[in-house]
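One point on numbering: in this note's numbering, the residue at position 327 of the sequence shown is 357, and numbering is uninterrupted.
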Amino acid sequence: MPVIPYSRQLIEQDDIDALCSLARSSHLTQGNMTKIFETAICEKSNAQYAITFNSATSALYALYGAFMYKYFPQYLDSKNSQTNTFIEEIYFVTSPISFVATTNMMLQWGIKPIFCDVKSDGNIDENILETLLTTHSKRDSIKAIVSVDYAGKSVEIESLRAIANKHNLLLFSDSSHSFGGSYNGSPIGSLADATIFSFHAVKPITTAEGGALVTNDKDLAHYARLLLSHGVEKQGLWHYDCTLAGMNFRLSDLGSALGLSQFQKIERFIAHRHQIALFYDEFFKDNIHFHTIPIDSHIVSTHHLYPILLLPHLHTHKEQIFKSLQAQGLGVQVHYKPIYQFSLYKNLFGEMSLPNADNFYLSTLSIPCHQALSMEQAQDIANIVLKECNKIR
């Protein structure tokens with residue numbers, strides 16, 4: 031039976047035409063297409079600088095590195111950023127409900143994560159965050175908040191902005207799920223000190239693999255661009271200097287051509303995801319097995335994911351439900367296991383537990399929701415999900 035994935039790309043003829051046209055051009059990489067794509071990202075996110083990368087993970091690496099070069103260059107003179115040698119004085123607070131890249135890239139720069147518990151929607155709890163920032167034993171060493179827009183729904187970014195300002199912290203947003211969304215009419219990418227986007231194939235628009243960093247901070251943009259491409263600065267006709275140990279994280283012009291073509295359709299893609307999500311919300315509203323995540327009117331979600339949250343009586347049956355749905359051709363997935371439960375983090379920081387995050391992991395199950403999904407398929411999916419849950423007694 032063909033599997034309907036929880037998310038996937040939608041490649042149309044205009045995307046193929048854009049790729050073919052670029053393939054016939056003189057530059058497959060380091061040409062003008064990436065610059066054009068970056069300009070479009072700036073305009074969409076209302077940011078002054080946009081830098082594209084070959085993945086959002088690379089963009090996170092560059093953001094954290096740019097932070098280090100701007101604020102703590104003294105540590106980089108004597109420490110190898112490629113080791114897991116920790117700098118005791120630098121901590122970032124973040125959500126444990128995210129893909130591990132959010133914090134793995136902190137480790138690459140010797141930054142330690144402090145995990146803050148989440149709300150019932152999977153986003154960081156701003157009230158718990160405020161308490162953490164005033165009571166944590168390492169509160170004086172916390173330098174930034176890294177929020178995560180779970181499933182495409184913005185965090186309460188204005189509240190987080192106020193908290194960050196109150197405690198003199200930077201606010202970074204891992205918005206890998208939410209490019210094209212908004213909060214109170216402001217585009218995602220416009221309210222944090224720097225924001226990360228992902229253009230992986232399962233995201234609302236894709237470059238196959240890819241990501242971006244947007245910011246209004248000239249220094250962060252400068253260092254991030256150096257880390258993007260070998261740490262090299264051009265100084266003349268052929269002269270250049272290497273000022274730091276950068277990487278090759280460049281997005282090819284092929285990827286940018288696909289991304290720019292997809293970008294023209296982002297409103298349509300998000301609207302279709304929204305239509306499916308609204309149908310699910312209505313279809314599932316009176317069921318006795320799980321809740322869905324409401325989207326408040328001041329937030330435009332990209333609906334990168336559509337998670338259902340199993341009620342406690344189904345927690346012990348989650349694996350059974352997962353397997354049953356897969357057997358019915360639904361490519362369900364779990365987003366996410368709390369990062370602190372992984373072996374790497376247990377070994378580095380010891381065992382820990384956050385009640386809301388732990389419960390969220392027991393509850394969450396992502397069902398298909400994407401722009402390549404028809405409404406007829408969505409109806410079939412909804413019926414199958416309820417049928418399989420009804421089998422549990």
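Even glycine gets a Cβ: it sits at the ideal position worked out from N, Cα and C. Here the structure is a predicted model, which means the values were calculated and not measured.
- Message: Could you check whether the stretch 307-317 touches the stretch 404-417, counting it as contact only if at least three pairs of C-beta atoms, one from each stretch, sit closer than 8 Å?
- Response: The stretch 307-317 is in contact with the stretch 404-417.
- Would you call the CB atoms of Leu344 and Ile422 closer than 8 Å? Contact: yes.
- Message: Threshold first: 4 residues or longer. Then list the alpha helix (DSSP H) segments lying entirely within the stretch 52-99, N to C.
- Response: Every unbroken stretch of the alpha helix (DSSP H) spanning 4 or more residues and falling wholly within the stretch 52-99 is given here in chain order: 63-75.
- Query: Going by alpha carbons, who is nearest to Ile300 out of Ile323, Ser331, Arg280, Leu281?
  - Reply: Checking every option, the nearest Cα to that of Ile300 belongs to Ser331.
- Task: Indicate whether at least one CB of chain C lies closer than 8 Å to the CB of Tyr336.
- Result: Absent here is chain C; the protein component of the structure consists of one chain.
- How far does the beta strand (DSSP E) with Gln272 in it reach, from first residue to last? In the sequence under discussion, the amino acid at residue 272 is Cys, which differs from the Gln named in the question. Where Cys272 is concerned, the enclosing beta strand (DSSP E) stretches over 270-272.
- Quick one: measure Cβ to Cβ for Val176 and Thr124, integer angstroms, because I've assumed they're closer than 8 Å. Correct: roughly 4 Å between the Cβ atoms.
- Message: Restricting to Cα atoms, I'd like to know which of Phe379, Pro337, Glu156 is closest to Leu133.
- Response: Going by the sequence as given, residue 133 is Thr instead of Leu. Closest by alpha carbon: Phe379.
- With 16 as the cutoff for other CB atoms within 10 Å, does Gln292 come out buried or exposed? Around the CB of Gln292, 16 or more other CB atoms lie within 10 Å, so the residue is classed as buried.
- Message: Which residue marks the beginning of the alpha helix (DSSP H) containing Thr133, and which one marks its end?
- Response: Taken as a continuous stretch (DSSP letters only), the alpha helix (DSSP H) holding Thr133 covers 131-137.
- Message: Looking only at its chain, what residues have a beta carbon closer than 7 Å to the beta carbon of Gln43, apart from the 5 residues adjacent to it on each side?
- Response: Hits under 7 Å: none found.
- Query: Below 8 Å between beta carbons: does that hold for Gln401 and Leu40?
  - Reply: Yes, Cβ-Cβ distance for Gln401 and Leu40 is below 8 Å.
- Query: Using 8 Å as the threshold, is the stretch 245-265 in touch with the stretch 79-96, meaning 3 or more CB pairs across them?
  - Reply: Under the 8 Å Cβ criterion, the stretch 245-265 counts as touching the stretch 79-96, having at least three qualifying pairs.
- Message: Using a 10 Å radius around the Cβ and a threshold of 16 neighbouring Cβ atoms, would you call Pro234 buried or exposed?
- Response: Counting the other CB atoms within 10 Å of its CB gives Pro234 a total of 16 or more, which places it among the buried residues.
- For the stretch 55-66 against the stretch 271-287, are there 3 or more C-beta pairs whose distance is under 8 Å? Taking one beta carbon from each stretch, the stretch 55-66 and the stretch 271-287 have 3 or more pairs nearer than 8 Å; the two touch.
- Message: Quick check: Asp504 and Pro385, are their CB atoms within less than 8 Å of each other?
- Response: One cannot answer for residue 504 here, as it falls past the ends of the chain, which runs 31 to 423.
- Go through the stretch 213-239 residue by residue and report every complete run of the beta strand (DSSP E) that reaches 3 residues or more, in order. The stretch 213-239 contains, as complete beta strand (DSSP E) runs of 3+ residues, the segments 224-228 (chain order).
- Task: Name, in chain order, the residues that DSSP records as bridge partners for Gln363.
- Result: According to DSSP, Gln363 bridges with Ser396.
- Task: Take the Cβ of Ile369 as the centre, count every other Cβ of all protein chains shown within 10 Å, and call the residue buried at 16 or more, exposed below.
- Result: The residue in question, Ile369, is buried, as its Cβ has 16 or more Cβ neighbours within 10 Å.
- Message: For Ser111, which residues in the same chain have their Cβ closer than 6 Å to its Cβ, ignoring the five residues on either side in sequence?
- Response: Here the model assigns Ser111 a pLDDT of 49, short of 50, so the residue's position is not dependable, and the following value carries that caveat. Residues Trp139 of the same chain have their beta carbon placed closer than 6 Å to that of Ser111, with the five preceding and five following residues left out of the count.
- Task: Give the range of the beta strand (DSSP E) segment to which Tyr336 is assigned.
- Result: Residues 336-340.
- Query: For Tyr121, which option in Val130, Pro143, Phe372 has the closest C-alpha, if you only look at C-alpha atoms?
  - Reply: When each option's Cα is compared against that of Tyr121, the closest is Pro143.
- Query: Can you tell which of Asp47, Thr82, Thr394 has the C-alpha that lies nearest to the C-alpha of Ser228?
  - Reply: Taking the Cα of Ser228 as reference, the smallest distance to any Cα among Asp47, Thr82, Thr394 is reached at Thr82.
- Message: So within the stretch 273-359, which uninterrupted beta strand (DSSP E) runs reach at least 3 residues, ignoring any that extend past its ends?
- Response: For the stretch 273-359, whole beta strand (DSSP E) runs of length 3 or above, ordered along the chain, are 320-322, 336-340.
- Task: Mind checking which residues open and close the alpha helix (DSSP H) that includes Lys432?
- Result: Summary: the structure shown does not reach residue 432, with the chain confined to residues 31 through 423, and so no result is reported for it.
- Query: Anyone know if the C-beta pair for Ile218 and Ser206 falls short of 8 Å?
  - Reply: Between Ile218 and Ser206, the gap from beta carbon to beta carbon reaches 8 Å or more.
- Task: Would you mind reading off the limits of the alpha helix (DSSP H) that contains Leu201?
- Result: Here Leu201 belongs to no alpha helix (DSSP H); instead the beta strand (DSSP E) covers 200-204.
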